[in-house]
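K.L.:
This is the structure I have questions about; it appears just below.
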Amino acid sequence: MTVSLEQLRRCTVAVDLGAARTRVYLKRFGVIVDAPSAVAVNTRSGALIAVGAPAERMVGRTPEHIRVVRPVSNGTVVDIDMARRMLRALIGDRIRRAWRRKPMLRAAVCVPHDAEPLVQRAAVETLTGMGARRVELVDSLIAAAVGSGLPVEEPEATMIVMCGAASSHVAVLSLGSIVAAETVPVGGEIIDRAVIQHLRNQHELMLPHQAVHPLHLALSVAPPEQSEAEVYGRDVSTGLFRTVCVDTESVRAAIRPPLTAMVDAIRGVLRQCQPDLVADLADRGIMLVGGSALLPGLDSMLRQATGMPVHVAEQPAVCAVEGLGAMVEGRVRLLHRDPLSR
């Protein structure tokens, strides 16, 4: 999955098919699509009912003949046909007009680190089915590092932790390449599931997924200011609506096990690196990107566990597509040096 910057500069569209959201960058226009990767389908007729945010709001609220589908899982296209239909509905007429004007359109797409050939092929077929004549594949870790402002082309180590919805990727980069990387099946959805399971076990409360986000906001408040948060849900035994006050410290303890797996992955990557690279990281620290990087307390926990500085990108959710867009626009210097002439 090696692609030159010269090839990327010929691309017109950059796509980031994330686990939870789909983002599209159009050359000279910026990000034109940032929507949930969800599609509501009528199972009787096969027609699309809603795409993006409207479809996501239907989760858990649809009748039997309507099904909410997620054609992208963990950055991998699992339903090519539905992914194409979703992209067509999300991009509207702007890119379609660009395709008509430029039949040899090229597109760039982010794919997960160490993606298998079938995963890469699914991403290529999704975009070629949309009209692209050539598709360039870019490692999502490199794109996110560029989008977060890290000097990945320099001979210095930079560490990035990409926190996605279903998994997290940890990598050390130098000279435009990945030196060491690990993937851990811990993401925002896994952490939300731990919170929901904790409330079910301790309070016999079944929490709707949408109610987890206000609880995240409560966790971001310092314990002396607010040690409890009010959440609502359905009682396990009676099935009736009920509201309880939850100790935020107990919720932090519930999400600690999955976060510990992320710390172990960071330590594993550091063990694979040369001492000189680790010395660079001791000063530069870790950059958190991805939609789950804003999880309250994640940066402080990693800082305490590793003893390294931890920074959160300015816009962690869009780092990958912004980095890919910077490559397409030609704002990134060459990652590889020219050979010495004799």
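Residues in the sequence shown are numbered consecutively from 1, following UniProt numbering. Ideal Cβ positions, reconstructed from N, Cα and C, are used throughout, including at glycine.
Give the DSSP-derived three-state secondary structure of Cys163 in the structure shown.
P.N.:
Taken through DSSP and simplified to helix, strand or coil, Cys163 comes out as strand.
K.L.:
Does the region 282-294 touch the region 155-162, meaning 3 or more C-beta pairs lie closer than 8 Å?
P.N.:
yes
K.L.:
Here's the rule I'm using: 16 or more other beta-carbon atoms within 10 Å means buried, otherwise exposed. How should Ala47 be labelled?
P.N.:
exposed
K.L.:
Across the region 317-331 and the region 12-28, are there enough close Cβ pairs to call them in contact, namely three or more that are closer than 8 Å?
P.N.:
yes
K.L.:
Using 10 angstroms around the beta-carbon of Gly147, count the other beta-carbons present and answer buried if the total reaches 16, otherwise exposed.
P.N.:
buried
K.L.:
So for Asn42, helix, strand or coil by DSSP?
P.N.:
strand
K.L.:
Out of Arg200, Leu5, Arg193 and Pro208, state which residue places its alpha-carbon closest to the alpha-carbon of Arg61.
P.N.:
Closest in C-alpha terms to Arg61, from the list Arg200, Leu5, Arg193 and Pro208, comes Pro208.
K.L.:
With a floor of 4 residues, list each alpha helix (DSSP H) that falls wholly inside the region 239-315, ordered by position along the chain.
P.N.:
Runs of the alpha helix (DSSP H) lying entirely within the region 239-315, each at least 4 residues long, are 248-272, 275-284 and 298-306 in chain order.
K.L.:
Determine the contact status of Arg106 and Arg134, defining contact as a CB-CB distance below 8 Å.
P.N.:
Arg106 places its beta carbon less than 8 Å from that of Arg134.
K.L.:
For residue 345, write down the residues that DSSP places opposite it in a beta bridge.
P.N.:
The chain is shown only over 1 to 342; residue 345 falls outside these bounds and no answer can be derived.
K.L.:
Cα separation between Ala20 and Val310?
P.N.:
24 Å
K.L.:
Roughly how many angstroms separate the alpha carbons of Leu205 and Gly307, rounded to a whole number?
P.N.:
The straight-line gap from Cα to Cα measures roughly 37 Å.
K.L.:
Taking the alpha-carbon of Arg70 as reference, which of Val78, Val124 and Leu240 has the nearest alpha-carbon?
P.N.:
Checked all of Val78, Val124 and Leu240; the closest Cα to Arg70 is Val78.
K.L.:
What do you get for Glu230, buried or exposed, if any count of 16 or more other CB atoms within 10 angstroms of its CB means buried?
P.N.:
Counting other Cβ atoms within 10 Å of its Cβ, Glu230 stays below 16 and is therefore classed as exposed.
K.L.:
Can you tell me which of the three DSSP states Ala14 falls into?
P.N.:
strand
K.L.:
Can you tell me where the beta strand (DSSP E) holding Leu48 begins and where it ends?
P.N.:
Leu48 to Val51
K.L.:
How should residue 348 be labelled, buried or exposed, when 16 other C-beta atoms within 10 angstroms of its C-beta is the threshold for buried?
P.N.:
In the structure displayed, the chain extends from 1 to 342; residue 348 sits before or after that span and is not available.
K.L.:
Can you give me the C-alpha to C-alpha distance between Arg303 and Ile80, rounded to a whole angstrom?
P.N.:
40 Å
K.L.:
Under the three-state reduction of DSSP, which class applies to Ala115: helix, strand or coil?
P.N.:
coil
K.L.:
Below 8 Å on the Cβ atoms is my contact criterion, and I expect Val111 with Ala123 to pass it. Report the Cβ-Cβ distance as a whole number of Å.
P.N.:
5 Å
K.L.:
The alpha helix (DSSP H) that contains Glu156, what's its start and end?
P.N.:
Boundaries cannot be given for Glu156, as no alpha helix (DSSP H) includes it and DSSP labels it neither H nor E.
K.L.:
Have a look at Ala261, Gly187, His169 and Val186 and flag the residue whose alpha-carbon is nearest the alpha-carbon of Ala180.
P.N.:
Nearest in C-alpha terms to Ala180, of all of Ala261, Gly187, His169 and Val186, is His169.
K.L.:
Can you give me the start and stop residues for the alpha helix (DSSP H) that Ser4 sits inside?
P.N.:
Careful: Ser4 lies outside any alpha helix (DSSP H) and carries neither H nor E.
K.L.:
Which residues bound the beta strand (DSSP E) around Leu324?
P.N.:
Here Leu324 belongs to no beta strand (DSSP E); instead the alpha helix (DSSP H) covers Cys319 to Glu329.
K.L.:
For Arg342, count neighbouring C-beta atoms within 10 Å of its own C-beta (all shown protein chains included) and say buried if the count is 16 or more, exposed if not.
P.N.:
Residue confidence is low: Arg342 scores 46 on pLDDT, short of 50, so the model does not pin down where it sits. Its coordinate-derived value is still stated next. Counting Cβ neighbours within 10 Å, Arg342 comes out exposed, since fewer than 16 surround it.
K.L.:
Indicate the three-state DSSP secondary structure (helix, strand or coil) for Thr62 in the structure shown.
P.N.:
For Thr62, the secondary structure class from DSSP, reduced to helix, strand or coil, is coil.
K.L.:
Let me confirm a value: Ala222 is counted as buried when at least 16 other C-beta atoms fall within 10 Å, else exposed. Which label applies?
P.N.:
Low confidence applies to Ala222: its pLDDT is 46, below 50, so where it sits in the model is not reliable enough to give any reading.
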